[in-house]
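J.: What follows is a structure written as structure tokens; I'll ask about it next.
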Amino acid sequence: MVMEKRSPPEQRGGRIGVPCRAAPQVLKNTRRREGGDTNCFFVTIWIAAFMYKSNDILRKQTALKGERKISVLVAISLAFTFHIIGVYWWYQKDDLLYPLIMLPPRAIPPFWHAIFIIMVNDTLVRQAGMVVKCVLLMYYKNSRGRNYRKQGQMLTLVEYLLLLYRALLPTPVWYRFFLNKEYGSLFSSLLTGLYLTFKLTSVVEKVQSFFAALKALSRKEVHYGAYATSEQVSAAGDLCAICQEKMHAPILLRCKHIFCEDCVSEWFERERTCPLCRALVKPADLRSFGDGSTSLFFQLLPWRRVKPSLLAAAHKVYSERRP
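Each residue of the sequence shown is one higher than the one before, starting from 1 at the first, in the UniProt record's numbering.
This is the structure in structure tokens:
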């Protein structure tokens with residue numbers, strides 16, 4: 001009777017051609033990757049929640065005006081800074097820092113890891129911008145009149161600079177991702193060209209908004225009125241209808257109503273009409289971020305806002321083209 005000679009277990013491959021001895025290592029790597037994806041998901045949720053709470057804290061500190069305390073602002077700035085450093089230190093091997101200086105990641109990232117890199121950088125850049133805004137709030141702590149208006153313009157300028165930088169942040173990551181030759185040279189080149197075209201349009205809009213904010217900062221006159229004379233203030237009764245106190249640095253609006261510059265500047269952070277007659281006074285130009293707020297939308301793709309359906313469609317295309 002002839003016995004069939006069987007090869008050793010380590011030489012026999014499975015259905016997918018993986019040696020039996022290597023199978024446990026493959027399974028281990030798969031579990032590690034799944035665990036890493038879960039970890040990245042919870043970290044993204046954490047830093048997003050931290051950023052939303054930070055935005056609320058900063059708006060409240062801005063609204064306090066002269067009552068805000070330097071010690072509190074310093075503590076907030078340190079907390080934001082340590083949070084940023086801690087996240088980057090924890091993920092120092094994940095190529096998070098390369099896109100910050102417009103360099104693509106060293107390796108082609110998987111789809112969801114590319115999303116993770118972009119979202120973390122986008123959130124932490126906003127967090128760093130909040131530290132800069134805290135410094136501005138310390139500088140303008142006792143601001144009134146023209147200085148209060150200057151504070152709002154500086155906060156707006158910082159936010160539009162952040163929007164411009166954040167629009168550029170995803171570019172090196174998606175550029176590396178779309179140039180993956182595994183999907184075919186034609187397909188990769190087409191996606192890269194479409195992405196860069198949309199991105200250029202978005203960046204041009206952000207540049208225009210930034211220079212408009214810079215122009216508003218350099219403008220010395222009030223663009224929704226003019227400073228009232230003493231005769232005009234006396235004729236109006238020298239009482240601000242908003243704060244019900246004696247007027248300080250009174251502003252004569254185009255509708256001929258007079259208010260304190262502090263009061264009316266804060267009003268026009270939210271409204272465009274006169275507080276009394278509701279006449280349209282402030283032109284619809286730039287959105288103001290003078291209340292210390294930060295844009296909460298993620299800059300993931302060239303479009304202004306990212307919808308979940310768009311991400312799902314992109315991942316479907318990625319999965320279908322994946323070998």
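Virtual Cβ for every residue (Gly too), placed ideally from N, Cα, C.
For V264 versus M247, is the C-beta distance shorter than 8 angstroms?
T.: No. Outside cutoff.
J.: Please classify P187: does DSSP put it in a helix, a strand, or coil?
T.: With the sequence shown as reference, residue 187 is identified as Phe, and Pro is not the correct amino acid for it. Reduced to three states, the DSSP call for F187 is helix.
J.: Does the region 96-112 touch the region 146-160, meaning 3 or more C-beta pairs lie closer than 8 angstroms?
T.: No, the region 146-160 is not in contact with the region 96-112.
J.: What residues match up with F259 in a beta bridge as DSSP calls it?
T.: DSSP lists I251 as partners of F259.
J.: I'd like to know whether the C-beta atoms of T192 and L179 end up nearer to each other than 8 angstroms.
T.: Contact: yes.
J.: In three-state DSSP terms, what is A226?
T.: Reduced to three states, the DSSP call for A226 is strand.
J.: Given this structure, state the Cα-to-Cα distance separating L136 from W267, to the nearest angstrom.
T.: Looking at the two C-alpha atoms, the distance is approximately 20 angstroms.
J.: Taking the CB atoms as reference points, tell me whether D239 and H257 lie closer together than 8 angstroms.
T.: The residue asked about is misnamed: residue 239 is Leu in this sequence, not Asp. Going by C-beta atoms, L239 is not nearer than 8 angstroms to H257.
J.: Taking CB distances under 8 angstroms as the criterion, tell me whether Q232 reaches chain B.
T.: The structure shown contains no chain B, having only a single protein chain.
J.: Since Q299 and R176 should fall inside the 8 angstroms C-beta cutoff, what is the C-beta to C-beta distance between them, to a whole number of angstroms?
T.: Wrong, their Cβ atoms sit about 17 angstroms apart, outside the cutoff.
J.: How many Å lie between V120 and L161 at the Cα?
T.: Going from the Cα of V120 to the Cα of L161 covers about 18 angstroms.
J.: According to DSSP, L280 sits in a beta bridge with which residue or residues?
T.: According to DSSP, which records beta bridges pairwise, L280 is partnered with T273.
J.: Is it right to say S288 is buried, meaning 16 or more other beta carbons lie within 10 angstroms of its own, or is it exposed?
T.: Answer is buried; the Cβ neighbour count reaches 16.
J.: Report the CB separation of R59 from S209 in whole angstroms; it is logged as a contact under 8 angstroms.
T.: In fact, because the Cβ distance is near 21 angstroms, the residues do not count as touching under 8 angstroms.
J.: Alpha carbon to alpha carbon, how far is E67 from W174?
T.: Rounded to whole angstroms, E67 to W174 spans 45 angstroms at the Cα level.
J.: How many Å lie between S185 and F198 at the Cα?
T.: Each residue's Cα considered, the two are about 20 angstroms apart.
J.: State buried or exposed for I45, treating a residue as buried only when at least 16 other CB atoms are found within 10 Å of its CB.
T.: By the neighbour-count rule (16 or more Cβ atoms within 10 Å), I45 is not buried but exposed.
J.: Could you pull out every unbroken alpha helix (DSSP H) segment of at least 4 residues lying fully inside the region 62-112, listed in chain order?
T.: Runs of the alpha helix (DSSP H) inside the region 62-112: 70-90.
J.: Just the C-alpha distance for V125 and M138, rounded to the nearest angstrom, thanks.
T.: Straight-line Cα distance between these residues: approximately 20 angstroms.
J.: Check L286 in the structure and name its three-state DSSP category.
T.: Coil, per DSSP.
J.: So, helix, strand or coil for L239, using DSSP?
T.: DSSP places L239 in strand when its eight states are reduced to three.
J.: Could you check which residue in A107, M51, V131 has the C-alpha nearest to that of L73?
T.: Of the candidates A107, M51, V131, the one whose C-alpha sits nearest the C-alpha of L73 is V131.
J.: For S77, which residues from the same chain have a beta carbon less than 8 angstroms from its beta carbon, with the 5 sequence-adjacent residues on both sides left out?
T.: Only V131, C134, V135 meet the Cβ criterion.
J.: Considering only their Cβ atoms, is the gap separating C255 from I242 smaller than 8 angstroms?
T.: Cβ distance not < 8 angstroms, so I242 and C255 don't count as in contact.
J.: Taking 8 angstroms as the cut-off, decide whether the C-beta atoms of S295 and L163 are in contact.
T.: Yes, they are a contact pair.
J.: Just to confirm, are V281 and R270 a CB contact at a threshold of 8 angstroms?
T.: The answer is no: Cβ separation not under 8 angstroms.
J.: If you reduce the DSSP assignment to three classes, tell me which class K60 lands in.
T.: DSSP places K60 in helix when its eight states are reduced to three.
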